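S.K.: Just so it is clear: in the sequence shown, position 127 is 130 by the working numbering, and no numbers are missing. Beta carbons are placed, not taken as given, at the ideal position from N, Cα and C, and that holds for glycine. Quick caveat, the model's predicted, so the values are computed rather than measured.
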Amino acid sequence: MATLNDTATRPQLAHLTEQLDDLRARGTYFHLRVLEDEQAAVCRYDGREVINLASNNYLGLCNHPKLREAAIEATRKYGVGSGAVRTIAGTMRIHIELEEKIAAFKGVEACVVFQSGFTANAGTVSSILGKEDFIFSDELNHASIIDGARLSRAKIKVFRHKDVAHCEELLKEVQNEPGRKLVITDGVFSMDGDVGPVKALCDVCDKYGAIMMVDDAHASGVLGRNGRGSVDHFGCTSRVDVQVGTLSKAIGSLGGYVCGSRDLIDYLYHRARPFLFSTSHPPSVAAACMTAFDLLESEPERIERLWSNTRYFQDQLISAGFDIGGVTTPATETPITPIILGDGRKTMDFSRALFNKGVMATGIAFPTVPEGKARVRCIMTSEHTLETIDRAIEIMTTTAKEIGLL
Ligand SMILES: Cc1ncc(COP(=O)(O)O)c(C=O)c1O
């Protein structure tokens, strides 16, 4: 039997060790922090109690008693797994019920649920276009869109962040070429918290006959009526052909979905590779997600709390002298709140120092954000109390002063 020593890195993988050494030298190497209890506003990571400013648990649904109950009940009734991919034998009644619920909530004909938001984006973009087509993508769109675009083999044109005129310029250049055109933006950008120009991009799409797609991962449960997302926020439901959302952030569980016309969804059933080639959710996940959508309707005060906490937190950070992006007004328009530090090493040092003092806020450096734009990213939730926020600000301010950042 092999010992642990026998399985250590062999010379064949020495290049990985070299790259890790390089990360260590730059100060951007990290280890995974381990959560020892529930995902909550105050919880224990790596044996330390911290104020948690790092999760996407916007509405506190990861551990809501009703979601827990729904998941347990579904497990009792239907077991722990679906046993197959959706197209073979793994479509359970509860999967269809969840899709119908989401479609009704979003006011669209149909919905398909994927294993994650990542696979929803990548599986959709890669299957609805081919190599003769064009994709116009915001430069800060999520990695899953970029990967989906590459897999589609379509010609990719990247427009400057939120620059609708640049998007139109690129569309114009190829308007007479054959091939479909797809414009795609995040509804909320995950690193800066700003909102995509959904309405203006819809206008451009209408003008050039392009397909319009929005990734609402960070807008689901956060923006729009009862958390219906950025597309609803801009009143553009009938003008966006492909709406992606996630079940893994504000909805509290796991998964992604695509909303649109019945034909779009039927097509994805037949052609989206993660749907065809990867097993569907356990029934507990589908049941928890259904309960979450009920809560968006019945407990809107969670979303109100999320927004009032966000305003309070961001005002306090600005008063303390932190740069949260933007020149005269903050760039962020949502609970995602970057503290821009620029330098990768400084950012990681600040994040580590904060953790040691009891605040968990993720340091994010190149390549996740452009070189020179490293930041500590904070995310507010509905579950942070004002006292917790005050305490977090106090720790952040004293720590930043101690290491010369303020
Ligand atoms: C903008 C955006 N889209 C998609 C995803 C992927 O969602 P999921 O975590 O459900 O795979 C994320 C999550 O990191 C995201 O930030």
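Under the DSSP definition of a beta bridge, which residues are partnered with ALA43?
M.R.: Walking along the sequence shown from the start, residue 43 turns up at place 40. For ALA43, which the question treats as bridged, DSSP gives no partner whatsoever.
S.K.: Is the number of C-beta pairs between the stretch 311 to 319 and the stretch 174 to 185 that are closer than 8 Å three or more?
M.R.: No, because fewer than three Cβ pairs between the stretch 311 to 319 and the stretch 174 to 185 fall closer than 8 Å, the two stretches do not touch.
S.K.: Identify every residue that forms a DSSP beta bridge with LYS165.
M.R.: What you label residue 165 is simply residue 162 of the sequence shown in a count that begins at 1. BP columns for LYS165 are empty, so no partner.
S.K.: Which residues bound the alpha helix (DSSP H) around ASP141?
M.R.: For the purposes of this step, residue 141 is identified with residue 138 of the sequence shown, where counting begins at 1. Looking at the DSSP string, ASP141 is not in any alpha helix (DSSP H); the run it does join, the beta strand (DSSP E), is 137 to 141.
S.K.: DSSP has TYR260 in a bridge; who is on the other side?
M.R.: The residue labelled residue 260 in the question sits at position 257 within the sequence shown. For TYR260, which the question treats as bridged, DSSP gives the partners VAL116 and GLY248.
S.K.: Starting from ILE91, trace the beta strand (DSSP E) in both directions and tell me its first and last residue.
M.R.: Along the sequence shown, read from residue 1 onward, the residue named residue 91 stands at position 88. Careful: ILE91 lies outside any beta strand (DSSP E) and carries neither H nor E.
S.K.: For PRO341, name the three-state secondary structure that DSSP assigns.
M.R.: Stepping through the sequence shown from its first residue, residue 341 is reached at position 338. If DSSP states are grouped into helix, strand and coil, PRO341 belongs with the strands.
S.K.: Buried or exposed, going by whether 16 or more other CB atoms sit within 10 Å of the CB of SER301?
M.R.: The count along the sequence shown starts at 1 and reaches residue 301 at position 298. So SER301 ends up on the exposed side.
S.K.: Could you spell out where the beta strand (DSSP E) holding ASP9 opens and where it closes?
M.R.: Your numbering for residue 9 matches position 6 in the sequence shown. Neither: ASP9 is in no beta strand (DSSP E) and is coded neither H nor E.
S.K.: Between LYS376 and GLY329, how many whole angstroms is the CB-CB distance? I'm expecting something under 8 Å.
M.R.: As a working note, residue 376 is residue 373 in the sequence shown. As a working note, residue 329 is residue 326 in the sequence shown. The pair is not a contact, with the Cβ atoms about 13 Å apart (cut-off 8 Å).
S.K.: Verify the contact flag: LYS3, CB atom, against every heavy atom of ligand 1, threshold strictly below 8 Å.
M.R.: The displayed coordinates of the chain run from 4 to 409. Any statement about residue 3 would go beyond what the structure contains.
S.K.: From the DSSP output, which residues share a beta bridge with ALA377?
M.R.: The count along the sequence shown starts at 1 and reaches residue 377 at position 374. Paired residues: GLY345.
S.K.: If I follow the unbroken beta strand (DSSP E) through THR31, where does it start and stop?
M.R.: Numbered from its first residue, the sequence shown carries residue 31 at position 28. Element bounds for THR31: n/a, residue is neither H nor E.
S.K.: Could you name the residues that DSSP lists as bridge partners for ASN55?
M.R.: In the sequence shown, counting from the first residue as 1, residue 55 sits at position 52. Answer by DSSP bridge pairing, in chain order: MET363.
S.K.: Can you look up LEU309 in the DSSP assignment and give me helix, strand or coil?
M.R.: As a first step, residue 309 is located in the sequence shown; it is residue number 306 there, counting from the start. Looking at LEU309 - three-state DSSP - the assignment turns out to be helix.
S.K.: So, at 8 Å on beta carbons, what are the nonlocal neighbours of VAL53 in its own chain, with the 5 sequence-adjacent residues on each side left out?
M.R.: Against the sequence shown, residue 53 aligns to sequence position 50. For VAL53, where only same-chain residues beyond five positions count, the Cβ hits under 8 Å are VAL45, CYS46, ARG47, PHE358, GLY361, VAL362 and MET363.
S.K.: Thinking just about the alpha-carbon of each residue, which of ASP393, ARG378, PRO286 and THR402 is nearest to the one in ALA87?
M.R.: For this step, residue 87 is matched to residue 84 along the sequence shown. Ranking ASP393, ARG378, PRO286 and THR402 by Cα distance to ALA87 puts PRO286 first.
S.K.: Examine ligand 1 and report whether any of its heavy atoms sits within less than 8 Å of the Cβ of ASN60.
M.R.: Working through the sequence shown from its first residue, we reach residue 60 at position 57. No, Cβ of ASN60 sits at least 8 Å from all heavy atoms of ligand 1.
S.K.: Would you say VAL2 touches ligand 1, meaning its beta carbon is less than 8 Å from a heavy atom?
M.R.: With the chain covering only 4 through 409, there is no way to say anything about residue 2.
S.K.: Taking the straight line between their C-alpha atoms, what separation do you get for GLY255 and HIS67?
M.R.: The residue you call residue 255 lines up with position 252 of the sequence shown. The residue you call residue 67 lines up with position 64 of the sequence shown. Those two C-alpha atoms are separated by around 9 Å.
S.K.: Taking the alpha-carbon positions, what's the ASP222 to GLY248 distance?
M.R.: By one-based count along the sequence shown, residue 222 stands at place 219. By one-based count along the sequence shown, residue 248 stands at place 245. At residue 222 the sequence reads Ala, which differs from the Asp that was named. So the two alpha carbons sit approximately 8 Å from each other.
S.K.: Does the count of Cβ pairs from the stretch 265 to 283 and the stretch 205 to 214 closer than 8 Å reach three?
M.R.: The stretch 265 to 283 vs the stretch 205 to 214: no contact.
S.K.: Pull up the distance between the alpha-carbon of TYR61 and that of CYS381, whole angstroms please.
M.R.: What you label residue 61 is simply residue 58 of the sequence shown in a count that begins at 1. What you label residue 381 is simply residue 378 of the sequence shown in a count that begins at 1. Looking at the two C-alpha atoms, the distance is approximately 12 Å.
S.K.: How about VAL191: is its Cβ closer than 8 Å to a heavy atom in ligand 1?
M.R.: Position 188 of the sequence shown holds residue 191. Yes, the Cβ of VAL191 comes within 8 Å of a heavy atom of ligand 1.
S.K.: Go through its chain and collect everything with a Cβ distance to ALA43's Cβ below 7 Å, but skip five positions before and after it.
M.R.: Your numbering for residue 43 matches position 40 in the sequence shown. Cβ neighbours of ALA43 beyond the five flanking positions: ASN55, ASN66 and GLU386.
S.K.: Report the option in ASP24, THR31, ALA57 and TYR32 whose CA atom is closest to the CA atom of LEU38.
M.R.: Translated into the one-based positions of the sequence shown, residue 38 becomes position 35. Checking every option, the nearest Cα to that of LEU38 belongs to ALA57.
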